[in-house]
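Scroll down for the structure; my scribbles are underneath it.
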Amino acid sequence: MLRLRSVKTSLKPIAHHRLIHSTPTLQAKVDAPKVASVLSKLVTQTDRFKTYKPVTPGLRHLRRPLAPHLYEGRPIRLLTVAKRKTGGRNSQGKITVRHIGGGHRRRLRILDFARVESGPHDVARIEYDPGRSAHIALLKSRDPLSRSPISYILAPEGVRAGDVVESYRQGIPKGLVQGFDDHPRPSKKQLRAARKEAAERINAAKANPISALGVHSTLPYGASVSQTDPAAPQSVIDPAFLRAAAADAEASLSLGILRTLTLKTGNVLPLRLIPSGTIIHNVSLDPNGKGILCRSAGAFAQVVAHDDKGKYTQVRLQSGEVRNVLQNCVGTIGKVSNADWRLRSLGKAGRSRWLGRRPRVRGMAMNACDHPHGGGRGKSKGNKHPRSVWGWLTKGKRTRRPTDKDGNKMVVHQRPRGKEKSKGGRS
């Protein structure tokens, strides 16, 4: 009995010790200050990136872009949908996309790339999106009868919580700027009528050149030039000509006021209302479709020029390609946020596995039966041109379809390739 009692008394402090370290809340209260102090010593922050003290091999090369403005909570669940994993396999279980598998669970954020709803929207917060490189912004509509009171959009660079953005995809509202009327590209019937009116004006100018210049005589009715004093003024500017000049000046003034009100980062405008040289992103190629160009982190395009006929606008992409886009298509002012994403460093292979990426094996490291570069003694490709695992030529092989032999008809200037690219895009 005495021996049993001594065993029980020796077990009491052990049970008490296990109770303290097995309770998560108590452990957090005990270790939270220590963990915070340790992390503060490990983290080194620069102006753009966060690095860590190399106490482990995985932290030595880890580098993350700084984003202190990001919201630290969870997203709006109604604006997300579950992402089901496939492991790169089709319905038959065959691998169709290699190097995919595993990874953390994710929920896809549903983004509004069309921005159809007009009116001011308040930026509630900037969030992290695991499904894309750019950040996203949560918008709240000021219209109580809105069909989508909250929505996610691509966060432009420089937009923060509390800012106001607006979409003018439906056109400029009447009365926003006095003296400005938004006129989209006219229809074919309106163009025919305008051409007919212009032809009539040209014929009238040929018949009476003096009246076409906006000049009329000030002689009394029935008098001739010889009956008047030569020193007196013989003609003055037509008041209609002066009214037209005043109207042009007012139109240019109203256009400047309009650009001051609408050309703000995050606003959506038709390309016909965006001046040349403006940086845009999320550009649509269909007047009624969503934006599909320039949507990744740091991406942007630039408006180059507008067509005299009022149909196309030339847009330069980051690849150097200049292409025509219909002027009724829209773009968002500014460039996409998180431009430093491309300079990040994962630090270790495990982070790639967390992102759902499996290892990529070089072809030269395989057997001859597995890859065209495989086999042989030592590092040898068998004196072959670079090929894929299926034998397709890579590194310089043109892959354009035969039907597009002459190139895309909407492309004004193709992106630089080969020697032109090595010269920095100079043609």
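In short: position in the sequence shown from 1, add 321, done, that's this note's numbering. Here a beta-carbon is modelled for each residue, glycine too, at the ideal position from N, C-alpha and C. Remember, predicted model here, so these are calculated numbers, not experimental data.
With distances taken Cα to Cα, identify the nearest neighbour of residue i among the options.
i, options, result
"Lys611", "Ala626, Leu590, Val625", "Leu590"
"Arg419", "Ser709, Thr634, Leu387", "Ser709"
"Lys752", "Arg616, Asn645, Gly452, Gly641", "The first residue shown for the chain is 322 and the last is 748, placing residue 752 beyond what the model contains."
"Gly577", "Pro378, Gln499, Arg616", "Gln499"
"Val485", "Gly697, Arg672, Ala458, Ala519", "Ala458"
"Leu582", "Ser412, Lys371, Gly496, Leu714", "Gly496"
"Trp675", "Ile421, Ser640, Arg369", "Ile421"
"Gly655", "Gly668, Thr715, Leu584, Arg722", "Leu584"
"Thr586", "Ile471, Val732, Val657, Ser743", "Val657"
"Ala455", "Asn688, His627, Arg663, Gln623", "Arg663"
"Arg698", "Pro707, Lys705, His706, Met685", "Met685"
"Lys632", "Met731, Thr372, Arg381", "Met731"
"Arg427", "Thr401, Arg516, Arg681", "Thr401"
"Gly479", "Arg722, Gly619, Lys517, Gly668", "Gly619"
"Arg616", "Lys374, Gly379, Tyr449, Arg453", "Arg453"
"Lys467", "Pro477, Leu475, His442, Lys718", "A quick correction: the sequence has Ser, not Lys, at residue 467. Checked all of Pro477, Leu475, His442, Lys718; the closest Cα to Ser467 is His442."
"Lys742", "Pro707, Pro465, Leu667, Gln639", "Gln639"
"Thr377", "Ala388, Leu387, Arg719, Val364", "Val364"
"Ile595", "Leu387, Lys517, Asp503, Gly414", "Asp503"
"Arg719", "Asn704, Ser701, Gly739, Lys702", "Gly739"
"Leu399", "Ser469, Leu614, Gly728", "Ser469"
"Gly440", "Lys702, Glu487, Cys650", "Glu487"
"Lys404", "Val682, Pro451, Gly394", "Pro451"
"Ala570", "Pro608, Ala528, Phe501", "Phe501"
"Glu438", "Asn588, Cys690, Leu614", "Asn588"
"Leu579", "Gln735, Ile493, Lys374, Lys406", "Ile493"
Going by the DSSP bridge assignment, what does residue i pair with across the sheet?
i, result
"Ser666", "Arg384"
"Lys461", "Asp443, Ile471"
"Lys371", "Gln366, Arg385"
"Pro477", "Val657"
"Arg708", "Leu714"
"Leu391", "Ile447"
"Arg678", "Ile421"
"Ile416", "Arg410"
What residue does the beta strand (DSSP E) around residue i start on, and which one ends it?
i, result
"Ser743", "First-last for Ser743: 740-743, but that is the alpha helix (DSSP H), not the beta strand (DSSP E)."
"Ile613", "612-614"
"Thr599", "Neither: Thr599 is in no beta strand (DSSP E) and is coded neither H nor E."
"Tyr633", "633-637"
"His734", "732-734"
"Leu755", "Only positions 322 to 748 of the chain appear in this structure, which leaves residue 755 out of reach."
"Val589", "589-591"
May I ask you to report which of helix, strand or coil DSSP gives residue i?
i, result
"Leu429", "strand"
"Ala689", "coil"
"Asn645", "strand"
"Ala626", "strand"
"Leu399", "helix"
"Pro488", "A small correction: the amino acid at residue 488 is Ser; Pro does not occupy that position in the sequence shown. It is a strand residue."
"Gly652", "strand"
"Glu438", "coil"
"Ile578", "helix"
"Glu521", "helix"
"Glu755", "Missing from the structure shown is residue 755; the chain here goes from 322 to 748 and no further."
"Arg722", "coil"
"Arg410", "strand"
"Arg672", "helix"
"Arg513", "helix"
"His338", "Unreliable placement is indicated for His338, whose pLDDT of 40 sits below 50; the coordinate value is still reported in the next sentence. Three-state result, His338: helix."
"Ser538", "At Ser538 the pLDDT is 46, less than 50, meaning the model places this residue with poor confidence and gives no usable figure here."
"Asn729", "coil"
"Lys527", "helix"
"Ala618", "coil"
"Ser573", "helix"
"Pro378", "helix"
"Gly684", "helix"
Return the Cβ separation of residue i and residue j in integer angstroms, given the expectation that the two are a contact with Cβ distance under 8 Å.
i, j, result
"Leu429", "Tyr473", "Actually they do not touch by this definition, with Cβ atoms about 11 Å apart."
"Ser597", "Val636", "In fact, because the Cβ distance is near 10 Å, the residues do not count as touching under 8 Å."
"Arg385", "Arg665", "6 Å"
"Ala445", "Lys461", "5 Å"
"Leu592", "Gln648", "5 Å"
"Gly641", "His602", "Their Cβ separation, rounded to whole angstroms, is 17 Å, which puts Gly641 and His602 out of contact at 8 Å."
"Arg490", "Arg436", "6 Å"
"Lys669", "Gly379", "4 Å"
"Asp661", "Phe370", "7 Å"
"Tyr449", "Leu387", "That belief does not hold up - the Cβ atoms of Tyr449 and Leu387 are roughly 13 Å apart, past 8 Å."
"Lys716", "Pro707", "5 Å"
"Lys705", "Pro693", "6 Å"
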